[in-house]
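Residue numbers (our numbering): 215 to 301.
For each residue, glycine too, the CB sits at the ideal point set by N, CA and C.
Since this is a predicted model, take the numbers as computed values, not measurements.
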Amino acid sequence: MSSKPWFVYLVRAANGSLYCGVSDDPARRFVQHQTGKGARFFASSPAVALVYVESWPDKGEALRQERLIKKLKKSAKECLVQSQLAL
215 MSSKPWFVYL
225 VRAANGSLYC
235 GVSDDPARRF
245 VQHQTGKGAR
255 FFASSPAVAL
265 VYVESWPDKG
275 EALRQERLIK
285 KLKKSAKECL
295 VQSQLAL
């Protein structure tokens, strides 16, 4: 039996900053961020776009990848966003 995939995602805030998170449904989670039911990160600048999503086989692997992405400089995160736009 295979487990359902988990996703690491980046959301762009209105001020241009990027938020990294993990979810089993990034589209639903993005709506939560937009409606104020997500992370406090968006209290000062609302979520405007889901700009990057990558799939992982389970929650543990997605959480490990989230930690790695959160350690990246903003320029490296922007490269991730651009790499997905090029697909």
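Alpha helix (DSSP H) segment containing residue 274, residue limits: Stepping through the sequence shown from its first residue, residue 274 is reached at position 60. Annotation: the continuous alpha helix (DSSP H) that includes residue 274 extends over 273-285.
Among 280, 285 and 229, nearest to residue 266 - alpha-carbon criterion: Numbered from its first residue, the sequence shown carries residue 266 at position 52. Comparing C-alpha distances from residue 266 to each of 280, 285 and 229 shows the shortest one belongs to 280.
Straight-line Cα distance separating residue 226 from residue 249: Here residue 249 refers to the residue found at position 35 when the sequence shown is read from its first residue. Here residue 226 refers to the residue found at position 12 when the sequence shown is read from its first residue. C-alpha separation (whole angstroms): 14 Å.
Member of 297, 230, 229 and 268 whose CA lies at the smallest distance from the CA of residue 238: Within the sequence shown, the letter at position 24 stands for residue 238. For the residues 297, 230, 229 and 268, the minimum Cα distance to residue 238 belongs to 268.
Close Cβ partners of residue 218 (< 8 Å) along its chain, the five nearest in sequence each way excluded: As a first step, residue 218 must be located in the sequence shown, where it is residue number 4. So the list reads 238, once near-sequence residues are dropped.
Sequence-distant residues of its chain with Cβ nearer than 7 Å to residue 272 (five each side left out): What you label residue 272 is simply residue 58 of the sequence shown in a count that begins at 1. Scanning its chain for C-beta atoms nearer than 7 Å, with the 5 sequence neighbours on each side dropped, one finds around residue 272 the residues 217 and 220, in chain order.
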